[in-house]
Each structure stands twice: as structure tokens, then as C-alpha cells.
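Peer 1: Right, I'll just put the structure down here and ask away after.
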């Protein structure tokens, strides 16, 4: 399947069609392979629940047409499974039929001169995984977890025999995912086809000792098949054991160390959406009017980088054919940049209300709105040909100035909480208000006298706070960021643990203690 | 412009699919079961933003999905899915066979490895079991779509005109209505299910939806409101509205303008300063649509109950183990009943699920007692009980999951206005906004579009950014009033599964009165 050739030939054909002023052809092939995992020691189960895949290839065509009154009309159409000129012609016909006059449309993406930084970075072996290998990958994670459970002396103390071990309600769930994505793009403005192949593999596992209400997580991300191990399952099982005999805490305000997963979750659901050009355009970001101003604690920096070799979210080009690269979002506490794609950048820079929305003159904001993040994401399943680009993050990196070890950070906190996993994190009163809520579902601990002292019982507290307050209350970070894949997300967040003062938590689900 | 593929393709290929899944599949060694799903949809959409047209489209979609259960010493599943196009039709027989073989290879490899692991891990390996499907009646059926205006007949220009006009009118409601996005869609889809057991089910669905997203900007806040008007009917529901016993909507322009009016009113309203402690709360049917979804629908999905969703959407507090459940126990006040019923109209309506099970009503809460889960053939085989037809996928290429049909609180006999009049001090929540639910659905916080203070039985001041938070069982136990104003609403975006499947389904209920902690801003 030569996607570059397909878009080259399609472009040559479509440019010659009557009434076509500009045209862009995007070809994609995506295959997502999963093994869903479900092991339960106390309930009949499959272990590897669903070895499966979905795949699709096709062309997407966006074109600017001559309108009947001389105004340009812009339309998009796609055709699955047919990369020939006939498929391109059908896609163009759909685009022509659907074309509308959009006064905010300036042009199709134009190259800005920056060179492509990342090429030839995918593992060919990940592009050709066999059915048995897919199934084996799932069993590798399951058996890694089972071995960790069986090797645990704490579990051995609880269970006098193997039957007793089963009754502890040992659970291993999650998945192994392999994403294979190939794209090519060419346009009137960028007629030389650009192609980009990427693949990555992740495993995400949750372990439980359900009889002890203990939950632990494990995960791994790799861009090379030979680096895939059973670590996600083993880690999840070990963390579940470590979380046994958790304690409750009362409602109140606590200094909290947020582990990599909570930081990633907050980035995905609140911080990154707040830093997108589209949110400024629609006046729905808590950072409205604050470009160039302090929005977080000094020392905290967050950036997106789509061209870092070896990171799972890296891509050679965007789905607009523009080079990926680094976009600083928050630098030493100051909002300095936004994620954007070509259309959103153009219309925000020309928005009569741009100064009010951004907080600076749009002419001064152009560098902050570089369109490095135009992707055609499919909710974590690749780069689809069936839609026009939107803005999404790639590799989000969180850094603190003067990072310390976790032990030192806990010492700094004194008495508080370590939160390792959160769930159902939403901007509960709309994004602009910044209010959010989530529950703490596992991997969490109580910090007493500067040390991690005891597990925090899973599902017993809800965090109710505000993300702008949180960002301003950061008091430290650890070293060694960890990449965290997120459910149905296109980006991967590389974050350390981050300590925040005064996080409000509410105790919940007291009735579960006495549930018969 | 004719589509490359039309829904009538399903009729043409049915014999081929039936032959594949019976003759060809059964010829594969150690294959115990196979099924094939094909889906074709023809649809149109239009989008407008801030009074200007933005996008439109008229297109088709075509996909296949195959499940195989196979194995020599043990039985295990394997799946294959693929999106298709017009260019694939001449080769469909080959593509189906390739997909069948891929699913078969995965099932066989899975079965072999399952048997190996079972043997290696002692008592922990004992839990690994054959994949079984509970028996169901095997049906051959054709179920037509219901509509007045055929989605295929609607002119794209007309759709764009209406959509853009609505956007323009919403933008003109007030200067503070600073942003809006309006979209409309109408489609006809046709699904074929065929199994090695002999089932052949051909179901068609019309679906039409109008979506309104509006941002109104106040002096120090932005109110973002989003909602849909939708039904499994044709374009007529947007132009004329819906006037059925259980579903009522005005025409789409009025629906969107009302939302814009709400957003403007809320942007000018004060933020709620939440009182301390639990107070009486009255929740309207639209709010209870999301409540029924989150604290009834999700915890009664049996795959969740059997821990299969532990890593994603979580578990259910209603089931700890096969012999340790809340079945037969009181989990709500005697005034509360709740059920799922695929025969109800709206987004949750269908006759057969995606493994050919005739779909039927299942009662979850009967006058306060927990009575049952929604399930699939596989989960029914593990837990017991007959399959009730709640295994659904959003696309034929994806593996189905246990999903709600229409999950609702049953109506009562009280006048909703009386539920308010009887309160000395409390709050009235109108319309749902954003949810967050604990991992086993044991606690929730759900914000409301509007929240009014009730003072001496009278509805008082309007506030923004309010909601309630409660433990689920406590809230249900404290219900002391159930209205007679039952309503069904569409939920357009329930997410579940890996990969994520965002499903349209139905929820609803009447006005309820209970107690909860009222929440405001942080």
C-alpha cells in the first residue's frame, strides 16, 4: 500500500478538476490490535478476553472550490478502501457537494519553513504483528501478574492454602494495545507527498485483591516490540498487594502528592484543553485573557513535543503535513503558548476579539499559536482519513524546577496524602470555571511525619477542587517523569509526581463498610 | 449524489454471509461458534458555528465484525473487525473469509495458551474456564426502520440552511451568547447478524439528531451548555418536534433558542454558595436522566459486575462475588423502581441485540429491592439467568459490550409541584450537566444546568454552577417522593470499552425528591 504514491496521483488528478482552487489529499491506514484482559480468581474467566483488531484505509480530500458568486466554498469528503484516482474522484465529489462558504477559512495549511525533525522512527516489527503474537502478548501480562500474586509473602500469610488464595478475589484487568498508523499527505501548497509511519505498544493493567479492597496499577509503553515485557501485570499485582489494609481519612484539605497518573489525567481532561486555541476562541478556557501571565506556580513547566524520538506520542508530521515540534504551554508558571492547528490559528489571529480573548495583541501572539498539533485523531485508535484535522496533544511533558526524590517530597509534605490513581475527572462546572472533581481509586497512601505510612483505602475519597488553584499551589515535583497512557486519549503524558498544598477531599461511600 | 453503497446491499449479501458462518465456519476444526455482523449506514450532517456554515456531508459507512469461539482442549474467543468501502464489495466474500480465518486463528491460539496457563498456575489457573454462551432462541427476522421523512431523501442544502439559521438565531439571542456550535444529522442504518447456530437478523434504524452547544459569557464566568434533541425517526423530528406520550421535544429551532436563553440567564445568575450538610433536593426528569444512567444503568451492567471492566469503567457495588450480591436486598426506598426496556421508544430502542438475543425488559429495582442485571449470553452463562439482550456495539467492526437500552426510573403518582411545595428549605435541580461517579458507582457528583433555592415551598432564586453529591444507596434510600411526570431523553455519548465506544442510548424518569449534599464552585 504505497500511500505517498496514492496521494501524489490523486493530487495531480484533482488539481485539474473544474472549479478547484486548492486541494489537499490525505491517505491513512490504521490498524489497532488489542488483547483485552480479564482474570478473576473467584469468577470463571477467560484470562485473555478479547484478542481483536480493527482496521481501515482510505482517502480524505479537502478542497476549495469556486463558488457561484465568486466566494470560495470549502468542502471535505472521504472514501474508504479505495486509494486509486477513482477513490479520490469520489471523495472530491462528496467534498464539492458538501462545500460551504466559511468566512473564517483563510487557506489550506502552508509550510512555514521549519524542517521535519523526525523520520524513520517506527519499529517495522510492530507493523507486522502476527495473530499468535497478539494473543501471546496478552498472556504475558496475565502470567506476569499471576506470578507476582503467587510470589507475594503477604498473600501467602493471608491464605493458608491455594484455595484460600483464590478466595482473596485476585483480579487482573486491562489490555495490551498495538497501534499501527501510516499516513501520507500532499496539497496544492505542499505538492511533494510527505509520509509518516508510526507504531507503538502499550500495556495497561489493574490488579486487585478484592477481598481487601486493594487496587493497584501497572503500565508500560514502548515503541519497539522487543522491549515489551510482562511488567504491567507484575506491577499491577504488586501494587495491589501493597495497597491492602487501607485506611480511611476524614474530609478536609490536605497537602497531596499527585502521582504520574493523576497528573496525566488532570492534563488530559483539564490543563491541555485549557491550553488549546479553540478554547480561547470560544471563551471557554480558565486562562482567558492570560497569555503571557502567571497561571501556575513558579518553577512549573508544561510543554508538548511531537518530535521527540522514542516517545510514544511522537509523529514525524502533523495530519496537516506540517512538522511536529515543541510547544511550550506553561513556562516557569507563565502561560506562553497554546496548542493549535492551522485553521484555529488563522481564525484566532484574525478574530476581532482576539486581544480580549488572548490578553495580548494577536500580532504578538503568532509564535505562541504555531500550528504544530493538527491531528485527525480517532480517540486513541490512530489517524483517521474520515475527518478534517483538529487540535490534539502528542507527548505532554510536565517538569518542575529543582525536582527531588519522592522521599524528599514526602518529607516536604509532612502530613498528607499520596494519590496514585484518579478516575472520572471532569470540569464539573464547565472548563472556564476550573472546578473539577474525581475519585481516588487506587495506588494511594497516607503520609505521616514526612513518610509514606499506610495505604489509603481505595474509593473512599472524592477530590473537589479547582485546577487554577491547584496549578498555583504546586510546592514541588519529583525527578524521573513516567509516561502514562490514558484511556481513549491520543496523547501520552510524561509527568513526575507533583506536590500540591491544600487539596480539598470529601470522604465518600461510608455505607460500603457495613454492606452485607 | 448516490452513495457508493446503499443499505439494500445487506439483502444482496445475506446469503453469502449465511453460507460463510454456517458452512465455511463449521468446516474449521475445533470451531464451536461463529457470528458475523455487517452494517451499512447512509447519513447526512450539517454544522454551523456562530451563525456561519462550517461543514456538511452526505456519505455512507460500511463495516464488518466477526466473533469465533474455538479450541481443542479449551474454548476461547477471537475477534476481527474492519471498515469497508464501495471498492470492497466485489471482494466481500474473500474479505469475510479472511476475517473469519483471522478470528479463528486468534481463538485457537488463545485457547491453546489458556489451557497451558491453566495447567501451570495451580488453583489460580482453575478460574480459567471455557468460553460459553447461554442458549437463546435462534431467530430469523427482518425489522424495518421507522420514519416519516426518509433520511436519504433530505436535501443537504436544506439541512445546511436550517442548521445555519438556528446558529444565527442562537447567536442573536443576546450579546452575551458569545459562541455556539449547532449540528444536525439524519441517517438510515441497516445491520445484519448471522451465526453458526442459524440466526439471521436484519434490523434497520433511522436516527436523527440536533445538537446545540452554546457559551454565554458573564462578567466573570462562561456558561457552557450542551444538549441534543434526538430520536430513532426521520428528519421530521427536527422540523416538527416530537409529541409522543413518553418523549416530548419542540422543533429544533425552539429547542436551541431555549438553551441559549438558559445560558444567558445563567451567565447573569450568581454562583451557588453551597450550604453545609444534607438538604432536601428535588430533581427534574432531565436531571434524573443522567442520574438513572449513572447510578442505576452502569452498576447493573453484568460485565461490570463480573469485574470485566475493572481496569476501565470500574466494577459494581451490587456484586462482590457470584454468591455475594445485593440481589433481593433493599438498596432504595420502596417508592423507587427502575428497569431497562429496549421496547421503549427513542435512542434505546431495538428488537435484537448484537448476538441475536431477542431484547426484553429487565427490572433492576422493584419497589426498593435489587432484582437484576442487564446481560449478554456470555455473562449470563457465568452468572445465571436468561440472556436479556443487552450486548451492543457502536459499529460492526467493534466487539460488543453490555450496554443500556433505555434505563429509567419508573414513574410514580405524585404531582411534581407538590414535591416542591412540601419543602421548607431545599433545592430544585433542573436539567443535567456534568457527572462524576465513583469506581463501583457507589458515590456520585452530578451538576445541574439550573439550581433553584426552595423556600417555604416556593421556587426562589436561580443559581449557576450547582449540583448534588451523595452516596448512591443513601440517595436512593432517602427518596420520599416520585412524580407522575415520566419522560424519556436521549443520551448521545455514553463511553465504554477499549477501544472506546461512544454509544447513543436512552434514559429517563420522573421528578424525584430525596436528600443530598448540594455543591457549588470550589
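Protein chains in written order, with the numbering used here: chain A, 1175 to 1690; chain B, 2 to 523.
A virtual CB, placed ideally from N, CA and C, is assigned to each residue, including glycine.
Owing to the predicted nature of the structure, the values given are computational and were not obtained by experimental measurement.
1. Residues of chain B with CB under 7 Å from residue 1685/A, in chain order?
2. Which whole-angstrom value is the C-beta distance of residue 49/B and residue 168/B, which I expect to be below 8 Å?
3. Ends of the beta strand (DSSP E) at residue 1380/A?
4. Where do the N-terminal and C-terminal ends of the alpha helix (DSSP H) with residue 1536/A fall, by residue?
5. Please report whether the beta-carbon of residue 1208/A lies at a distance below 8 Å from any beta-carbon of chain B.
6. What did DSSP end up calling residue 212/B once you bin it into helix, strand or coil?
7. According to a CB-to-CB cut-off of less than 9 Å, which residues of the region 491-521 of chain B neighbour chain A?
8. Between residue 1210/A and the rest of its own chain, which residues show a CB-CB distance below 6 Å, the 5 nearest in sequence each way excluded?
9. Rounded to the nearest angstrom, what separates residue 1333/A and residue 1342/A at their Cα positions?
10. Assuming contact is defined by CB atoms lying nearer than 8 Å, are residue 1513/A and residue 1446/A in contact in what I supplied?
11. Within 10 Å of its beta-carbon, does residue 1175/A have 16 or more other beta-carbons around it, so buried, or fewer, so exposed?
12. Which residue comes first and which comes last in the alpha helix (DSSP H) that contains residue 56/B?
13. Select from 263/B, 59/B, 243/B and 195/B the residue whose C-alpha is nearest the C-alpha of residue 603/B.
14. For chain B, is any of its Cβ atoms less than 8 Å away from the one on residue 1515/A?
15. Mind reading off the beta-carbon distance from residue 1198/A to residue 1232/A? Whole number of angstroms is fine, and I expect it under 8 Å.
16. Assign residue 147/B to one of three DSSP states: helix, strand, or coil.
17. Three-state secondary structure (DSSP) at residue 492/B?
18. According to DSSP, simplified to helix, strand and coil, what is residue 318/B?
19. Can you name the residues of chain B whose CB is closer than 9 Å to the CB of residue 1344/A?
20. Could you name the residues that DSSP lists as bridge partners for residue 1622/A?
21. I want to know whether the region 502-509 of chain B touches the region 404-419 of chain B - three or more CB-CB distances under 8 Å.
22. What residues in the region 1609-1620 of chain A have a beta carbon less than 7 Å from any beta carbon of chain B?
23. So residue 65/B and residue 398/B are in contact, right, with Cβ under 8 Å, and what is the actual spacing, rounded?
24. Determine the contact status of residue 212/B and residue 248/B, defining contact as a CB-CB distance below 8 Å.
25. From the DSSP output, which residues share a beta bridge with residue 340/B?
26. Please report whether the beta-carbon of residue 1658/A lies at a distance below 8 Å from any beta-carbon of chain B.
27. I'd like to know whether the C-beta of residue 1230/A is nearer than 8 Å to at least one C-beta of chain B.
28. List the residues that DSSP assigns as beta-bridge partners of residue 1231/A.
29. Name the DSSP bridge partner or partners of residue 202/B?
30. Suppose you measure from the CA of residue 1635/A to the CA of residue 324/B; what does that come to, to the nearest Å?
31. Between the C-alpha atoms of residue 1234/A and residue 1285/A, what's the straight-line distance to the nearest angstrom?
32. What is the residue span of the alpha helix (DSSP H) that residue 1185/A lies within?
33. Give me the Cα-Cα distance between residue 1169/A and residue 1238/A, rounded to the nearest whole angstrom.
34. Which residues bound the alpha helix (DSSP H) around residue 1331/A?
35. Check whether the region 236-248 of chain B touches the region 270-279 of chain B, taking contact to mean three or more Cβ pairs, one atom from each stretch, closer than 8 Å.
36. Kindly indicate the opening and closing residues of the beta strand (DSSP E) around residue 1413/A.
Peer 2: According to the data block:
1. Taking the first chain and counting its residues from 1, the one referred to as residue 1685/A is at position 511. What residue 1685/A touches in chain B: 472, 474 and 475.
2. Start at 1 with the first residue of the second chain, and residue 49/B comes out as number 48. Start at 1 with the first residue of the second chain, and residue 168/B comes out as number 167. Rounded, the Cβ-Cβ distance is 4 Å, consistent with contact.
3. Numbered from 1 along the first chain, position 206 holds the residue referred to as residue 1380/A. Looking at the DSSP string, the run of the beta strand (DSSP E) that includes residue 1380/A is 1368-1383.
4. Along the first chain, one-based indexing puts residue 1536/A at 362. Where residue 1536/A is concerned, the enclosing alpha helix (DSSP H) stretches over 1536-1539.
5. On the first chain, position 34 is the one that residue 1208/A refers to. Taking Cβ atoms only, chain B reaches closer than 8 Å to residue 1208/A, which makes this a yes.
6. The residue you call residue 212/B lines up with position 211 of the second chain. Looking at residue 212/B - three-state DSSP - the assignment turns out to be strand.
7. 496, 498, 499, 500, 501, 503, 518, 520 and 521
8. Against the first chain, residue 1210/A aligns to sequence position 36. These residues qualify, in order along the chain: 1223, 1224 and 1349.
9. Residue 1333/A sits at position 159 when you count from the first residue of the first chain. Residue 1342/A sits at position 168 when you count from the first residue of the first chain. Approximately 8 Å between the Cα atoms of the pair.
10. Counted from its first residue, the first chain places residue 1513/A at position 339. Counted from its first residue, the first chain places residue 1446/A at position 272. One thing to note: residue 1513/A has its Cβ within 8 Å of the Cβ of residue 1446/A.
11. Position 1 of the first chain, counted from the first residue, corresponds to residue 1175/A. So residue 1175/A ends up on the exposed side.
12. Position 55 of the second chain, counted from the start, is the residue given in the question as residue 56/B. Residue 56/B -> not in any alpha helix (DSSP H); beta strand (DSSP E) instead, spanning 53-71.
13. Coverage of chain B is limited to positions 2 through 523, which leaves residue 603/B absent and any answer about it impossible.
14. Residue mapping note: residue 1515/A aligns to position 341 of the first chain, counting from 1. No - not a single Cβ of chain B is within 8 Å of the one on residue 1515/A.
15. Along the first chain, read from residue 1 onward, the residue named residue 1198/A stands at position 24. Along the first chain, read from residue 1 onward, the residue named residue 1232/A stands at position 58. Not confirmed; about 15 Å, so no contact.
16. Within the second chain, the letter at position 146 stands for residue 147/B. Looking at residue 147/B - three-state DSSP - the assignment turns out to be coil, as it is neither helix nor strand.
17. Within the second chain, numbered from 1, the residue matching residue 492/B stands at position 491. Note: residue 492/B maps to strand in three-state DSSP.
18. Here the question's residue 318/B lines up with position 317 in the second chain. Coil, per DSSP.
19. On the first chain, residue 1344/A is found 170 positions in, with the first residue counted as 1. Within chain B, the residues near residue 1344/A are 125 and 128.
20. As a working mapping, residue 1622/A is identified with position 448 in the first chain. Residue 1622/A pairs with 1625/A.
21. The way I'd put it, the region 502-509 of chain B does touch the region 404-419 of chain B; three or more beta-carbon pairs between them come closer than 8 Å.
22. 1609, 1611, 1612, 1613 and 1615
23. Reading the second chain from its first residue, position 64 is the one you call residue 65/B. Reading the second chain from its first residue, position 397 is the one you call residue 398/B. Indeed, because the Cβ distance is near 6 Å, the residues count as touching under 8 Å.
24. Residue mapping note: residue 212/B aligns to position 211 of the second chain, counting from 1. Residue mapping note: residue 248/B aligns to position 247 of the second chain, counting from 1. No, the pair does not count as a contact, with Cβ atoms beyond the cut-off.
25. The sequence position of residue 340/B within the second chain is 339, counting from 1. Note: residue 340/B sits in a beta bridge opposite 364/B and 409/B.
26. Locating residue 1658/A in the first chain gives position 484, where the first residue counts as 1. Closer than 8 Å: no.
27. Locating residue 1230/A in the first chain gives position 56, counting from the first residue. Taking 8 Å as the threshold, the shortest C-beta distance from residue 1230/A to chain B falls below it.
28. One-based indexing of the first chain puts residue 1231/A at position 57. Looking at the DSSP assignment, residue 1231/A forms a beta bridge with 1203/A.
29. Counted from its first residue, the second chain places residue 202/B at position 201. DSSP lists 142/B and 194/B as the beta-bridge partner residues of residue 202/B.
30. Residue mapping note: residue 1635/A aligns to position 461 of the first chain, counting from 1. Residue mapping note: residue 324/B aligns to position 323 of the second chain, counting from 1. Approximately 28 Å, taken between the alpha carbons.
31. As a first step, residue 1234/A is located in the first chain; it is residue number 60 there, counting from the start. As a first step, residue 1285/A is located in the first chain; it is residue number 111 there, counting from the start. So the alpha carbons of these two residues sit roughly 19 Å apart.
32. Position 11 of the first chain, counting from 1, holds the residue named residue 1185/A. Here the alpha helix (DSSP H) through residue 1185/A covers 1177-1189.
33. Within the shown structure, residues of chain A are numbered from 1175 to 1690, placing residue 1169/A beyond reach of any answer.
34. Within the first chain, the letter at position 157 stands for residue 1331/A. Here the alpha helix (DSSP H) through residue 1331/A covers 1327-1332.
35. no
36. Position 239 of the first chain, counted from the first residue, corresponds to residue 1413/A. Careful: residue 1413/A lies outside any beta strand (DSSP E), inside the alpha helix (DSSP H) at 1405-1416.
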